[in-house]
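Just below is one structure, and these are the notes that go with it.
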Amino acid sequence: MNKSTIISEEKKYMMSTYRRYPLVVSRASGKYIWDEKGARYLDFFSGLSVTNFGHCRPEIVKAIRKQAGKYLHTSNLYYTCPQVQLAKRLLEMSIKKGKVFFSNSGAEANECAVKMARRWGRAQRPGAHEIIVFKNSFHGRTIGTLSATAQKQQQKGFVPLLPGFKQAVFNDLASVKKLMNKKTCAVLIEPVQGEGGINIAGRNFLEALQGLCRKNKSLLIFDEVQTAMGRTGKLFAYQHYSVKPDIITMAKALGGGLPLGATITTDIVAGVFSYGDHGSTFGGNPVCIAASLAAMKLLNKGLLDNVNKTGKYFFERLRALKNKYPLIIGEVRGLGLMVAMDIIESKRNISGRDFVLKCLEKGIMINCTQDKVIRFMPPLIVNSHDVNTVIGVMEEVLGGREGHLWIKK
Ligand SMILES: *Cc1c(COP(=O)(O)O)cnc(C)c1O
1114 MNKSTIISEE KKYMMSTYRR YPLVVSRASG KYIWDEKGAR YLDFFSGLSV
1164 TNFGHCRPEI VKAIRKQAGK YLHTSNLYYT CPQVQLAKRL LEMSIKKGKV
1214 FFSNSGAEAN ECAVKMARRW GRAQRPGAHE IIVFKNSFHG RTIGTLSATA
1264 QKQQQKGFVP LLPGFKQAVF NDLASVKKLM NKKTCAVLIE PVQGEGGINI
1314 AGRNFLEALQ GLCRKNKSLL IFDEVQTAMG RTGKLFAYQH YSVKPDIITM
1364 AKALGGGLPL GATITTDIVA GVFSYGDHGS TFGGNPVCIA ASLAAMKLLN
1414 KGLLDNVNKT GKYFFERLRA LKNKYPLIIG EVRGLGLMVA MDIIESKRNI
1464 SGRDFVLKCL EKGIMINCTQ DKVIRFMPPL IVNSHDVNTV IGVMEEVLGG
1514 REGHLWIKK
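Numbering (this note's numbering), first residue to last: 1114 to 1522.
Below is the structure:
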């Protein structure tokens, strides 16, 4: 099928839930994606922080092939070695002692956390079922996790939602204090809000939040679906702070490019579930687990050092770009290689989406969230040369001959 047929048949046969960019992917390798005509794109989005180790990383592909030749699926009613190995590895990387539940996605990892929080609350005191979430959060698209997603635009038209989620303001402890009471069983937070526009939790805020939770016997749940797996320069974003969450959820890059979710918790919290309380037919699929185990081997100190070094360089270059275009570029912020650049809202400016599209036409893939936040999440293997390429393209789009694009016709 040629490009225009694919685009028109997609419209005809698929639900229009995604506003796609006009690019047909034909293959991908490392930091690059090629379209159907053979044009190459530098990927600074990693399929939403999924392909953190680069596309088709040979070590991961090899592990997938090997496992695919053994067995593709076995019911979770039987034991498999790779699941046990990965659970052990995840605990070593995070809270050391505890338990893991495997699922297939971020939303499912959070659903598991919400169910555990409810059970936990019930065991503390009758009626403790409320979960405090934060404005501009994103926790998934199932009805449960959508109810936890404090964004009007996402929830619009899906009422009645799951009750029991209270919305506090990110980085505002007083707003949490107002909502926390005997009914609160948990607080659910992204240490760095991803879809909400790369908003980084303050050190004092998170540490005080943990104090509040402990005092109230409420669980502190970190949604690290987007931030884990080295994205922010540490294995998990919470490791930038001196806090220890009671539950961590992860997905996205966990499966090395394949769908895999995990919910990690302490032994005591894991005790709320017994046989039959939770499950998933596909959860912890052996091929996805094999890919994840291969990915874990790549997630070493050298890679994390690269995230911090390249992230720092990227940040410096973006700051310089902001100084050069102060009327177009607002705040620049980020942690490791989870980086954002605000486009200043002004009648003269084109939208964030248009900016992304212009960059795509020039061979780089970046993203826009919240209409005006340009988001960069390159594979963790990028270097300063790749950063220069992206900055160069953005400069061409911002200034140069395209300068007139910034004025609405
Ligand atoms: C992407 C994301 C989710 C949802 O993950 P899915 O795999 O799409 O269900 C949940 N939380 C955060 C922070 C995310 O970034």
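Ideal Cβ placement from N, Cα and C applies to all residues, glycine included.
Given residue i, which residues of its chain have a CB within under 7 Å of its CB, disregarding the five upstream and five downstream residues?
| i | result |
| --- | --- |
| residue 1285 | none |
| residue 1492 | 1144, 1156, 1159, 1164, 1165, 1166 and 1167 |
| residue 1184 | 1399 |
| residue 1329 | 1293 and 1297 |
| residue 1138 | 1146 and 1148 |
| residue 1218 | 1364, 1372 and 1374 |
| residue 1082 | There is simply no residue 1082 to check, as the chain begins at 1114 and stops at 1522 in what is shown. |
| residue 1193 | 1187 and 1399 |
| residue 1128 | none |
| residue 1203 | 1213, 1375 and 1377 |
| residue 1176 | 1403, 1404, 1406 and 1407 |
Taking 6 Å as the limit between beta carbons, can you name the residues of its chain near residue i, skipping five residues before and five after?
| i | result |
| --- | --- |
| residue 1458 | 1485 |
| residue 1319 | 1354 and 1356 |
| residue 1326 | 1300 and 1333 |
| residue 1393 | 1216 |
| residue 1307 | 1339 |
| residue 1471 | 1510 |
| residue 1418 | none |
| residue 1483 | 1310 |
| residue 1438 | 1511 |
| residue 1181 | 1400 |
Taking 8 Å as the threshold (C-beta atoms), are residue j and residue i in contact?
| i | j | result |
| --- | --- | --- |
| residue 1432 | residue 1445 | yes |
| residue 1362 | residue 1336 | yes |
| residue 1230 | residue 1298 | yes |
| residue 1233 | residue 1420 | no |
| residue 1405 | residue 1434 | no |
| residue 1412 | residue 1490 | no |
| residue 1283 | residue 1260 | no |
| residue 1309 | residue 1223 | no |
| residue 1504 | residue 1430 | yes |
| residue 1267 | residue 1246 | no |
| residue 1134 | residue 1473 | yes |
| residue 1201 | residue 1380 | no |
Taking residue i as the reference, which of the options has the closest Cα?
| i | options | result |
| --- | --- | --- |
| residue 1428 | 1210, 1455 and 1406 | 1455 |
| residue 1269 | 1369, 1480, 1308 and 1254 | 1254 |
| residue 1408 | 1126, 1174, 1117 and 1115 | 1174 |
| residue 1273 | 1256, 1369, 1289 and 1267 | 1256 |
| residue 1369 | 1115, 1172 and 1116 | 1172 |
| residue 1207 | 1478, 1386, 1387 and 1360 | 1360 |
| residue 1226 | 1415, 1252, 1288 and 1295 | 1252 |
| residue 1236 | 1133, 1295 and 1466 | 1295 |
| residue 1136 | 1125, 1150 and 1142 | 1150 |
| residue 1347 | 1395, 1290 and 1414 | 1414 |
| residue 1303 | 1287, 1142, 1322 and 1425 | 1322 |
| residue 1426 | 1142, 1502 and 1176 | 1502 |
| residue 1512 | 1386, 1177, 1388 and 1440 | 1440 |
| residue 1331 | 1316, 1289 and 1317 | 1289 |
| residue 1387 | 1126, 1241 and 1228 | 1228 |
| residue 1190 | 1391, 1276, 1453 and 1119 | 1391 |
| residue 1220 | 1416, 1238 and 1262 | 1262 |
| residue 1240 | 1276, 1358 and 1442 | 1276 |
Under 8 Å Cβ to Cβ from residue i, same chain only, skipping five residues before and after it: list those, please.
| i | result |
| --- | --- |
| residue 1305 | 1311, 1312, 1313, 1314, 1339, 1340, 1345, 1350, 1448 and 1451 |
| residue 1476 | 1152, 1153, 1154, 1155 and 1506 |
| residue 1196 | 1215, 1397, 1399 and 1402 |
| residue 1271 | 1256 and 1259 |
| residue 1114 | 1122 |
| residue 1522 | Only weak support exists for where residue 1522 lies, its pLDDT of 40 falling under 50; the coordinates are left without a value. |
Less than 7 Å separating the Cβ of residue i from some heavy atom of ligand 3?
| i | result |
| --- | --- |
| residue 1306 | Because ligand 3 does not appear in the structure shown, any question about it cannot be addressed here, the ligands present being ligand 1. |
As an exercise, report each continuous beta strand (DSSP E) stretch of at least 3 residues that is fully enclosed by the stretch 1418 to 1498, in chain order.
Entirely contained in the stretch 1418 to 1498, the beta strand (DSSP E) runs reaching 3 residues are, in chain order, 1442 to 1448, 1451 to 1456, 1480 to 1482 and 1486 to 1489.
Could you tell me which uninterrupted beta strand (DSSP E) segments, each at least 3 residues in length, are contained entirely in the stretch 1370 to 1402, listed from first to last along the chain?
If one requires a minimum length of 3 residues, the beta strand (DSSP E) runs lying completely within the stretch 1370 to 1402 are 1374 to 1378, in chain order.
Of all residues in the structure, which have a C-beta closer than 7 Å to any heavy atom of ligand 1, taken in chain order?
My final list is 1161, 1218, 1219, 1220, 1221, 1223, 1251, 1252, 1253, 1254, 1258, 1303, 1307, 1308, 1336, 1338, 1339, 1364, 1365 and 1374.
Fully enclosed by the stretch 1329 to 1371, which alpha helix (DSSP H) runs are 4 residues long or longer?
none
Please list the segments of the beta strand (DSSP E) lying wholly inside the stretch 1209 to 1235, counting only runs of 3 or more residues, in order along the chain.
The DSSP assignment places 1212 to 1216 as complete runs of the beta strand (DSSP E) inside the stretch 1209 to 1235, in order along the chain (cut-off: 3 residues).
Please give the ranges of any alpha helix (DSSP H) in the stretch 1256 to 1329, keeping only runs that are unbroken, at least 4 residues long and fully inside the region.
1256 to 1261, 1265 to 1268, 1286 to 1292 and 1316 to 1329
Mind pulling the alpha helix (DSSP H) runs of 4 or more residues that sit fully within the stretch 1116 to 1181?
1116 to 1126, 1159 to 1162 and 1171 to 1181
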